[in-house]
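Chemist:
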Amino acid sequence: MANTLYTRKQLLELDACTGCQACADICPAVEAAQDGQLSGVHRLAWMRQAFKGRGGVLRRLFGQKPPSDEDWKRFSETVYRCTLCGNCQEVCPAGIQLKEMWLTLRQELVQNQHYPEKINLIRDNLEESHNVFNEDNSERADWVEDLDEEPEDGLIKDQAQWVYFTGCVAAFFPLAQQVPVNLAQVLQAGQVDFTLLGEEEWCCGFPLLGAGLKDATTGIIAHNLAAVREKKAKGVIFACPSCYMMWREHYHAEGLELYHSTQFLERLIRAGKLPLKRLNLKVTYHDPCDLGRGSREFDAPRAVIKAIPGVELVEMERNREQCLCCGGGGNLEMIDQELNKGIAKQKIDMALATGAEAIITSCQQCVRTMATYCRRNEVPLKVMDISQLVRKALDVEED
Ligand code: SF4
Ligand code: SF4
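Per the numbering used here: the sequence shown = residues 15 to 413.
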């Protein structure tokens, strides 16, 4: 195991673990799979051993053997069975930046060729078609046809004040297309001057980062930044928390204002641009990992929900910083569908326990994961993106 990718701080963090197991107790993967090997504490212990095993001739003379290829293979499988939800980091009393550690570890595994082959699909799809689904990227804005009134310009202007960066899941996955369809109509109702990038929008690169392929994101970042700047926009709006986090942390987007849709909607509501009607609905709210723990935005979505007269918000047993992941992150669906479903079940059961009629979230991947679970298992719970809820409350006809 080469330790060149790890920062000095990360190497020190490996030894800072007290073994308290708090990370294991809250890990959605450990709970769903009933497998302690998926926990942070196990992973760190394994890494410490691996570092020691390659610590030079003396260590080897004293019996510390480096892990075999077979050991690596088994370990790698556990590392990728993780949603990168960051809940372990949130509870770690030693303050170890565990999510960053898992990302570096995945980079290490890719570099050493100990990673699931399926991961190559992400890189190949993005190289070939600029989206994770390997669809024709010229169809990226085809969902516009589902608007109440299909705009002549397809919502693509030469210049606009704002760019709405849709993200791959919302653009191509049918169950998630409710997100852009509703958000676009809410933005129209708020008289926001915005444009899409159409086929010039490429995947933001987040799936590569999560896969351990950070080096492959450079060209993508440069392309997307140039496409946005060409529109002379003052900023970018994202409904996808992962795109939003990727842009904030890995794009050099100086001079551009970046907003998650919940933040932008809250601004519009405060400015009196969205006349919200009464809606009698009992809802609960799911904090997407990359918006909540990842971007520390817990309040804007709740402010939007509470601004709708008649909507009652009931919190789940785990919420805000401790919100239980839906199972949709970290490319888990690609690696282990059963575990993905198991985590989604935990989430939906927790939502049902509140007695809410609908679970609201603010992420297309969460919508996709939870709606797919509810549909397949005939669970009587509506899964809605916050843009859909806001649109319901507007003087706009539902489709
Ligand atoms: S990031 Fe989430 S799924 Fe992964 S080890 Fe931590 S708590 Fe478990
Ligand atoms: S919560 Fe932190 S200190 Fe406790 S076992 Fe997990 S990584 Fe170690």
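Here a beta-carbon is modelled for each residue, glycine too, at the ideal position from N, C-alpha and C.
How many Å lie between Glu-214 and His-237 at the Cα?
Modeler: Between Glu-214 and His-237, the C-alpha separation is close to 8 Å.
Chemist: Using the C-alpha atoms, what's the distance from Gly-212 back to Asp-413?
Modeler: Model confidence at Asp-413 stands at a pLDDT of 46, short of 50, so the residue's coordinates are unreliable; what they give is reported in the following sentence. Here the C-alpha atom of Asp-413 lies approximately 23 Å from the C-alpha atom of Gly-212.
Chemist: Find out if the Cβ-Cβ distance for the pair Gly-181, Cys-218 is shorter than 8 Å.
Modeler: yes
Chemist: Check for me: the beta strand (DSSP E) holding Thr-298 runs from which residue to which?
Modeler: 295–299
Chemist: What does the alpha-carbon distance come out to for the pair Asp-162 and Trp-176?
Modeler: 21 Å
Chemist: Exposed or buried, Gln-351, counting other C-beta atoms within 10 Å across all chains shown (16 or more means buried)?
Modeler: exposed
Chemist: Nearest to Gln-24 by alpha carbon, out of Phe-147, Ile-110, Leu-403, Leu-288?
Modeler: Nearest to Gln-24 by C-alpha distance, out of Phe-147, Ile-110, Leu-403, Leu-288, is Ile-110.
Chemist: Do you know whose CA, among Ile-374, Phe-147, Leu-119, lies nearest Glu-326's CA?
Modeler: Ile-374
Chemist: With respect to the beta strand (DSSP E) encompassing Phe-252, which residues constitute its N-terminal and C-terminal limits?
Modeler: 249–252
Chemist: Count the other C-beta atoms from every protein chain shown that fall within 10 angstroms of the C-beta of Glu-331, then say buried if there are 16 or more, exposed otherwise.
Modeler: exposed
Chemist: Give a single yes or no on whether Pro-42 has its beta carbon closer than 7 Å to a heavy atom of ligand 1.
Modeler: Because some heavy atom of ligand 1 lies under 7 Å away, the Cβ of Pro-42 counts as near it: yes.
Chemist: Between Pro-323, Gly-341, Pro-315, Gly-342, which has its C-alpha nearest Glu-329's C-alpha?
Modeler: In terms of Cα proximity to Glu-329, the closest of Pro-323, Gly-341, Pro-315, Gly-342 is Pro-315.
Chemist: Could you spell out the range, first to last residue, of the alpha helix (DSSP H) harbouring Trp-261?
Modeler: First-last of the alpha helix (DSSP H) with Trp-261: 255–264.
Chemist: When DSSP labels each residue in this structure, what does Trp-176 get in the three-state scheme?
Modeler: The answer is strand: DSSP assigns Trp-176 an E or B state.
Chemist: Please report how far the alpha carbon of Lys-296 lies from the alpha carbon of Ala-203, in whole angstroms.
Modeler: 25 Å
Chemist: May I ask whether a heavy atom of ligand 2 can be found less than 7 Å away from the beta carbon of Leu-211?
Modeler: no
Chemist: Between Gln-48, Arg-22, Gly-54, which has its C-alpha nearest Gln-35's C-alpha?
Modeler: Gly-54
Chemist: Going by C-alpha distance, which of Gln-336, Arg-292, Leu-305 is nearest Gly-324?
Modeler: Arg-292
Chemist: Check each candidate in Val-393, Pro-188, Glu-311, Pro-130 and name the one with the smallest Cα separation from Pro-255.
Modeler: Glu-311
Chemist: Should Glu-164 go down as buried or exposed, given a rule of 16 or more other Cβ atoms within 10 Å for buried?
Modeler: exposed
Chemist: Under the three-state reduction of DSSP, which class applies to Met-330: helix, strand or coil?
Modeler: When DSSP states are grouped into helix, strand and coil, Met-330 belongs to the coil group.
Chemist: Cutting at 8 Å between CB atoms, please list the residues of its own chain near Lys-87, excluding the five before and the five after it.
Modeler: His-128
Chemist: I'd like to check one pair, Ile-319 with Tyr-299: are the Cβ atoms closer than 8 Å?
Modeler: yes
Chemist: Assuming Gly-341 and Thr-97 are in contact, meaning their beta carbons sit under 8 Å apart, how far apart are those beta carbons, in whole angstroms?
Modeler: 6 Å
Chemist: Rounding to the nearest angstrom, what Cα-Cα distance links Leu-201 and Val-195 in this structure?
Modeler: 10 Å
Chemist: Determine the closest residue to Ile-11 out of Phe-179, Gln-103, Cys-31, with distance taken between C-alpha atoms.
Modeler: Residue 11 falls outside the range modelled here, since the chain spans only 15 to 413, and no answer is possible.
Chemist: Give the single residue among Lys-79, Glu-27, Asp-160 whose Cα lies nearest to the Cα of Leu-58.
Modeler: Glu-27
Chemist: My assumption, with CB atoms under 8 Å, is that Ala-407 sits in contact with Leu-290. Please give the rounded CB distance.
Modeler: 4 Å
Chemist: Could you work out which residue in Asp-207, Arg-390, Tyr-387, Asn-345 is closest to Arg-95 when comparing CA atoms only?
Modeler: Asn-345
Chemist: Going by C-alpha distance, which of Asp-229, Asn-294, Asp-150, Leu-19 is nearest His-264?
Modeler: Answer by Cα proximity: Asp-229.
Chemist: So who's on the other strand from Glu-7, going by DSSP bridges?
Modeler: Examination of residue 7 is not possible in this model, given that the chain is present from 15 through 413 alone.
Chemist: Can you check whether the CB of Gln-360 is closer than 8 Å to the CB of Glu-45?
Modeler: yes
Chemist: Alpha carbon to alpha carbon, how far is Leu-197 from Leu-123?
Modeler: 38 Å
Chemist: Between which two residues does the beta strand (DSSP E) harbouring Ala-372 extend?
Modeler: 372–375
Chemist: Beta-carbon within less than 6 Å of Cys-12's beta-carbon, same chain only, minus the 5 sequence neighbours each way: which residues are those?
Modeler: The question about residue 12 has no answer here: the residues shown for the chain are numbered 15 through 413.
Chemist: Grab me the residues of Leu-19's own chain with a C-beta within less than 6 Å of its C-beta, minus the 5 sequence neighbours each way, in chain order.
Modeler: Thr-118, Gln-121, Glu-122
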